[in-house]
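Novice: First residue of the sequence shown? That's 1 in full-length UniProt numbering, and the numbers climb one at a time after it.
One structure follows; several queries about it will come next.
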Amino acid sequence: MNEYFNNLSNIGEKIAYLKDNGLELPNIEQFNNEWDESKHRIMTDLYNYPNRTVEYEYTDEEGKKREGKRIEYLNRIPLAYQKEIVANAVTFLYGNPVKYTNNLEDSAMYDAYLKILDKEKIIFLDREIAKSNGRFTQCAELWWVADEPNQYYGFNSQFRLKINILTPDKNKMYPYFNEQGDMIAFLREYEKKEGGQKVKYYEIYTADTIAILKDGNGGVELVSESVNSIGKIPIVFYQFSDVEWSKAQKAIERLEEIQSDTGETNKKFSSPILGLHGEVVGSFSKDRSGKVMQFKGDNSRGEFIQPPNASESLSNEKEDLESILYKMTNSVNISPEALQGMGNMLATENAAFLFMLPHLKVMDKMSVYVPALKRRMSIVKSFLQLMNTSFRSSDLDAEPVITPYIINNHAQFLRDLMEQNGGLPLKSQRSTMEEAGIKDIDSEIEQIKADQEFKMSNDLL
């Protein structure tokens with residue numbers, strides 16, 4: 001298949017081939033409708049959740065009684081659980097920045113790699129990538145160089161290495177893999193505004209060439225074609241089978257029904273309803289003691305009517321559905337209400353047990369993210385070897401370490417340990433400063449000593 005693709009001489013044939021043989025595109029319309037609470041079925045499905053047409057009587061300007069109709073709108077309460085589930089997954093995956101351990105004694109290229117990650121704010125882009133994967137099932141990162149003389153990476157360079165995040169709501173992506181699972185071609189399709197009109201563009205990446213094309217009057221036109229200088233496709237592609245909330249979608253829809261039905265019930269019965277038995281003489285009369293209604297006959301009476309109490313059953317169903325929702329998505333409810341009263345557990349090693357489900361999900365996702373992070377290193381290494389000739393005999397061998405985020409009361413935990421330690425410090429001043437991220441520790445310690453001596457001398461005056 002690789003040879004067949006390379007032998008296609010017509011660029012239009014290559015585009016068609018990649019579209020036909022690439023991965024199936026995600027259902028962006030469905031995912032967006034489930035993601036955006038204003039587009040949920042409870043908001044848009046007027047067949048299953050119709051508004052009511054009610055009849056009423058009114059008196060016209062001539063004093064005649066008339067009948068009319070009006071629409072009584074249904075209480076529609078959407079719930080944004082999809083966003084909460086994705087945010088939950090992103091937090092536990094990348095709440096702690098990815099760390100890298102260098103496996104080589106030579107650290108020059110490793111240091112340059114860390115500088116690139118810092119310059120391009122990868123700590124935030126990693127979260128954006130995880131959010132796109134959870135929301136759309138796909139994402140890609142595209143690495144490229146810009147003409148920008150700099151010293152960002154510890155050496156003089158005429159180029160700056162940059163990254164673009166490609167999300168499937170704005171880019172149709174067609175990666176093509178061989179039988180061994182290696183990406184041998186990547187097609188990106190997107191639109192740009194030109195002269196007030198949208199023009200469709202295509203980018204085809206292979207290990208040998210990078211071609212940019214666009215739709216023209218006579219078909220597809222070649223904009224540019226260049227040699228791929230690094231000899232590998234500068235793209236990291238992420239793919240998952242389902243969106244984060246897929247197993248919980250039906251439970252979310254039922255929760256929206258319950259919440260909306262509860263709103264309807266409250267609207268109808270929250271105000272007191274007075275039932276009258278027998279004959280009523282007159283109406284409410286006002287006096288100093290309150291309001292009085294007069295009845296005629298021995299069996300006449302009035303009483304407030306209470307609706308049947310089904311709220312307990314609905315409340316139980318709601319709690320069960322929320323429990324199912326979090327379990328099915330390996331998520332956890334981290335709202336203040338849910339964590340209330342768990343301070344002691346969050347301050348100990350038991351916190352890891354509380355968040356075991358999202359941690360297990362992180363462990364499962366590592367099978368995609370760790371290889372992707374290693375491919376990122378391979379791409380950046382190839383660019384660095386072109387940007388700095390001294391790196392051409394060097395290697396970049398590091399291990400990405402993903403640490404699942406844990407919510408705990410670390411300060412309270414340390415205070416408890418200090419109390420058990422007789423009030424003595426648990427760490428030296430140097431260790432505490434290292435943990436705080438202070439770089440020039442010796443200089444800071446000297447400055448602290450000078451400040452203390454200055455304060456002591458002033459106190460003696």
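A virtual CB, placed ideally from N, CA and C, is assigned to each residue, including glycine.
1. If you compare alpha carbons, which of Tyr-153, Pro-97, Gly-95 is closest to Asp-111?
2. Kindly indicate the opening and closing residues of the alpha helix (DSSP H) around Ala-16.
3. Report the three-state DSSP secondary structure of Asp-320 (helix, strand or coil).
4. Nearest by alpha-carbon distance to residue 470: which of Phe-355, Arg-301, Ser-300 is it?
5. Since Ala-398 is in the beta strand (DSSP E), which residue starts that stretch and which ends it?
6. Measuring CA to CA, which of Leu-360, Glu-120, Gly-196 is closest to Arg-160?
7. For Asn-21, which residues in the same chain have their Cβ closer than 7 Å to its Cβ, ignoring the five residues on either side in sequence?
8. Just the Cα atoms here: how many angstroms apart are Asn-156 and Trp-144?
9. As a quick exercise: from Leu-23, Val-90, Arg-41, pick the residue whose alpha carbon is nearest that of Lys-361.
10. So Phe-92 and Pro-404 are in contact, right, with Cβ under 8 Å, and what is the actual spacing, rounded?
11. Could you tell me which residues DSSP pairs with Val-199 in its beta bridges?
12. Excluding the 5 residues flanking Leu-396 on each side, which residues of the same chain have their C-beta closer than 7 Å to its C-beta?
13. In chain order, what residues of the same chain have a beta carbon less than 7 Å from the beta carbon of Arg-430, not counting five sequence neighbours either side?
14. Pick from Glu-141, Gln-158, Asn-150: whose alpha carbon is nearest that of Leu-166?
15. Just grab the DSSP bridge partners of Leu-213 for me.
16. So, with DSSP's three-state summary, where would you put Gly-263?
17. Considering only DSSP beta bridges, list what Trp-143 is partnered with.
18. What separation, rounded to the nearest whole angstrom, lies between the Cα atoms of Gly-218 and Pro-168?
19. Looking only at its own chain, which residues have a Cβ that is under 7 Å from the Cβ of Ile-330, when we skip the five neighbours before and after it?
20. Taking the straight line between their C-alpha atoms, what separation do you get for Asn-102 and Glu-434?
21. Give the secondary structure of Gly-423 by DSSP, where H, G and I count as helix, E and B as strand, and everything else as coil.
22. By Cβ distance, which residues of its chain are closer than 7 Å to Gly-63, with the 5 residues on each side in sequence left out?
23. Identify which residue in Lys-374, Ile-11, Phe-237, Glu-446 has its Cα closest to the Cα of Ala-130.
24. Could you please give me the residues that DSSP links to Arg-392 through a beta bridge?
Specialist: To lay it out plainly:
1. Tyr-153
2. Unbroken alpha helix (DSSP H) run through Ala-16: 11-21.
3. helix
4. With the chain running from 1 to 461 in the structure shown, residue 470 is simply not present.
5. Element bounds for Ala-398: 398-401.
6. Glu-120
7. The answer, listed in chain order, is Tyr-176.
8. 18 Å
9. Val-90
10. 5 Å
11. Its beta-bridge partners are Lys-192.
12. Met-109, Tyr-110, Tyr-113, Met-377, Lys-381
13. Ile-441
14. Here the closest residue by C-alpha is Glu-141.
15. Tyr-202, Leu-222
16. helix
17. Ile-163
18. 27 Å
19. Residue identity differs from the one stated: residue 330 is Asn in this sequence, not Ile. Contacts found: Leu-357, Pro-358, Leu-360, Lys-361.
20. 19 Å
21. coil
22. Excluding positions up to five away in sequence, the list is empty.
23. Phe-237
24. DSSP lists no partner for Arg-392.
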